[in-house]
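Engineer: Have a look at this one.
There are 2 protein chains.
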Amino acid sequence: MATRDKLLEAAAVALAEDGVAGVSARTVAARAEVNQALVFYHFGTVDELLEAAVRRSVDRAVATYRDRLADVTSLADLLTLGRDLHRTERERGNVAQMAQVMAGARRSPALASAGRYAMDRWSAEVESAVVRVLPGTLLAGLVDPRGLAQAVAAGFIGLELYDGVDPGAAAGALGSLDAIGAMVAAFDALPPMAVRAVRSRARKAVARAAAAQGDAR
Amino acid sequence: MATRDKLLEAAAVALAEDGVAGVSARTVAARAEVNQALVFYHFGTVDELLEAAVRRSVDRAVATYRDRLADVTSLADLLTLGRDLHRTERERGNVAQMAQVMAGARRSPALASAGRYAMDRWSAEVESAVVRVLPGTLLAGLVDPRGLAQAVAAGFIGLELYDGVDPGAAAGALGSLDAIGAMVAAFDALPPMAVRAVRSRARKAVARAAAAQGDAR
DNA sequence: GTCTATACAGAGATAGAC
DNA sequence: GTCTATCTCTGTATAGAC
């Protein structure tokens, strides 16, 4: 394996395991079993190494899900795939890498850029499936697919950090989100006419609530 | 103002503005305009100072919302309050502080403890309102209040970090969550019988889906 | 491309005077 | 409680030999 790749790999692992505050040119180089100076030769700065590492992780991960996301035809499908995606990406440390660069974004433009890139890639990919699936659901016309995909991505990041300080609580949070997803998906199983009726009621009530709030201001 | 307080205050601001990677005994002491050695005299280590600072921020913030959360009687109320809470706590930097200690949890037990404490305080407080409000809604019997409160807290953390790398996207994500909340709340406006009918349909469909998934395994 | 050596800044932390 | 001084370590980064 080339030195460059060894560094990228080591940086990704270090980021996931020790967090952004725990990585340095020395520690990453030690992990990669290469000389410390090579970090600067190949990447210029430590932050740029981290950025490159996260971009690579994200590109790889997104590619492995592209086909499966393309096969999704219903919200229930999407939720099943989502659960799987969440579990594997967490286990691989990819979610942790994203959370860590985002946390470090305040002090480093390179990390901010990596975080933006990662969130963008994932939410664009998820959005493409949401766009196909949403029209048949209760949420059609109420939420926009892009925002929903972004919310899911943000939720994963929050859950990742929560898991790091309180795994039990994070599991409880995930369970609730799962239940809500299942409820929304459940409406797909009803006759289309019933779905339309419920959806239209919901939309009217939302409009009423919005109008009432407008009056209050 | 006593030195101890100046340090706590400076640490909270530094954490929110520069992130956990950007704080040091020296930078915090400079911000507080006190001597660097006093960090160690008063708090032992930098991490313990950060922990104390976050605990104080959380205790204060939770106290300012206690009464208002106690007044909540409907999901619509709770969502309105939630929006306000989210905005002000973000502006005060309290959400950023929480996100940063959680990101630093991997390398420091003190920060992990601070993160756990913060999430616990907030979700317990929110849970007390959710418990009262949930029975009247579509989600009654489907999601447990504690898990839902924890999910909301985790969501805030994720959105905070997202906002740091892509404010527009974070706003889009928040908008979608808002719409979903509004939809669920909208059912409160329907006649109780209709709510019960929809809820029971949803619950049966969820049970069916769960059974189907059980069969598939 | 890779290594050794090294400069230099900033970090955490302690000792001891006041 | 506070300040000065200082030790030691770790971090980034570069120069130059190979």
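Going down the list, the protein sequences come from chains A and B.
Okay, so the first sequence: first residue is 1 according to the working numbering, each after it adds one.
Okay, so the second sequence: first residue is 1001 according to the working numbering, each after it adds one.
C-beta: ideal position from N, C-alpha, C; glycine also.
#1: Skipping 5 residues on each side, what residues in its chain have a beta carbon closer than 7 Å to that of A:V198?
#2: Give the interface partners of B:M1193 over in chain A, defined as CB-CB distance under 7 Å, in chain order.
#3: Within 8 Å (strictly less), CB to CB, does B:G1082 reach chain A?
#4: Determine the direct distance from the alpha carbon of B:G1136 to that of B:A1014, and round the result to whole angstroms.
#5: I'd like to know whether the C-beta atoms of A:A99 and B:L1050 end up nearer to each other than 8 Å.
#6: Which residues in the same chain as A:M119 place their Cβ atom closer than 6 Å to its Cβ, once the five residues preceding and following it in sequence are excluded?
#7: If we ignore side chains and look at the alpha-carbon of each, how far apart do A:A205 and A:A212 end up?
#8: Would the segment 1175-1191 of chain B count as touching the segment 1001-1014 of chain B if we require 3 or more Cβ pairs under 8 Å?
#9: Anything in the segment 1096-1107 of chain B with a Cβ closer than 7 Å to a Cβ of chain A? List those residues in chain order, please.
#10: Helix, strand or coil for B:M1001, going by three-state DSSP, please let me know.
#11: Grab me the residues of B:V1101's own chain with a C-beta within less than 6 Å of its C-beta, minus the 5 sequence neighbours each way, in chain order.
#12: If we call anything under 8 Å between Cβ atoms a contact, is B:V1039 one with B:V1023?
#13: Under 8 Å, do A:G172 and B:G1147 count as touching if we go by C-beta distance?
#14: Give a yes or no on whether the minimum CB-CB distance between A:M1 and chain B is below 8 Å.
#15: Counting only runs that start and end within the segment 1087-1156 of chain B, where is the alpha helix (DSSP H) found for 4 or more residues in a row?
#16: List the endpoints of the continuous alpha helix (DSSP H) containing B:L1050.
#17: Report the CB separation of A:A149 from A:V126 in whole angstroms; it is logged as a contact under 8 Å.
#18: Taking only the alpha-carbon atoms, compute the straight-line gap between B:R1201 and B:S1108 and give it to the nearest angstrom.
#19: Does the Cβ of B:G1168 have 16 or more other Cβ atoms within 10 Å, making it buried, or fewer, making it exposed?
#20: Comparing C-alpha positions only, which one of A:D67, A:R26, A:V34, A:T64 sits nearest to A:V46?
#21: B:S1057 CB to nearest chain A CB: under 8 Å?
#22: Grab the span of the alpha helix (DSSP H) containing B:F1043 for me, first residue to last.
#23: From this set, A:L134, A:V165, A:R60, which residue's C-alpha is nearest B:A1105's C-alpha?
#24: State the Cα-Cα distance for the pair B:R966 and A:E89, rounded to the nearest angstrom.
#25: For A:L8 versus A:A185, is the C-beta spacing smaller than 8 Å?
#26: Just to confirm before moving on: does the CB-CB distance between A:A16 and A:A96 stay below 8 Å?
#27: Are the C-beta atoms of A:V198 and some chain B residue less than 8 Å apart?
#28: Nearest-angstrom Cα distance between A:P191 and B:A1010?
Structural biologist: Taking the structure as given:
#1: Cβ neighbours of A:V198 within its own chain (closer than 7 Å, five residues either side excluded): L138, F187.
#2: Within chain A, no residue has its beta carbon less than 7 Å from that of B:M1193; the closest one is some 13 Å off.
#3: It does not; no Cβ of chain A falls within 8 Å.
#4: Going by the C-alpha atoms only, they are around 43 Å apart.
#5: At least 8 Å separates the beta-carbon of A:A99 from that of B:L1050.
#6: So the qualifying residues of the chain are A153.
#7: C-alpha separation (whole angstroms): 10 Å.
#8: Here the segment 1175-1191 of chain B does not lie against the segment 1001-1014 of chain B, with fewer than 3 beta-carbon pairs under 8 Å apart.
#9: Listed in sequence order: A1099, Q1100, M1102, A1103, G1104, A1105, R1106, R1107.
#10: Reduced to three states, the DSSP call for B:M1001 is coil.
#11: A distance below 6 Å between beta-carbons, with the five flanking residues on each side excluded, links B:V1101 to the following residues of its chain, in chain order: V1054, L1111, A1114, G1115.
#12: By the CB criterion at 8 Å, B:V1039 and B:V1023 fall outside the cutoff.
#13: In this structure, the beta-carbon distance from A:G172 to B:G1147 falls below 8 Å.
#14: No, its Cβ sits nowhere closer than 8 Å to a Cβ of chain B.
#15: Taking 4 residues as the minimum length, the alpha helix (DSSP H) runs contained wholly in the segment 1087-1156 of chain B are 1094-1103, 1109-1133, in order along the chain.
#16: For B:L1050, the enclosing alpha helix (DSSP H) covers residues 1046-1070.
#17: So it is a contact: roughly 4 Å between Cβ atoms.
#18: It is roughly 48 Å from the alpha-carbon of B:R1201 to the alpha-carbon of B:S1108.
#19: Answer is exposed; the Cβ neighbour count stays below 16.
#20: Among A:D67, A:R26, A:V34, A:T64, the Cα nearest to that of A:V46 belongs to A:R26.
#21: Chain A places no beta carbon closer than 8 Å to that of B:S1057, leaving this residue out of the contacts.
#22: For B:F1043, the enclosing alpha helix (DSSP H) begins and ends at 1037-1043.
#23: Of the listed residues, the one whose Cα sits closest to B:A1105 is A:V165.
#24: The requested residue 966 of chain B does not occur in the structure, where chain B is confined to residues 1001 to 1217.
#25: No, the pair does not count as a contact, with Cβ atoms beyond the cut-off.
#26: The beta carbons of A:A16 and A:A96 sit closer together than 8 Å.
#27: Put simply, the CB of A:V198 is near chain B, with a gap under 8 Å to one of its CB atoms.
#28: C-alpha separation (whole angstroms): 59 Å.
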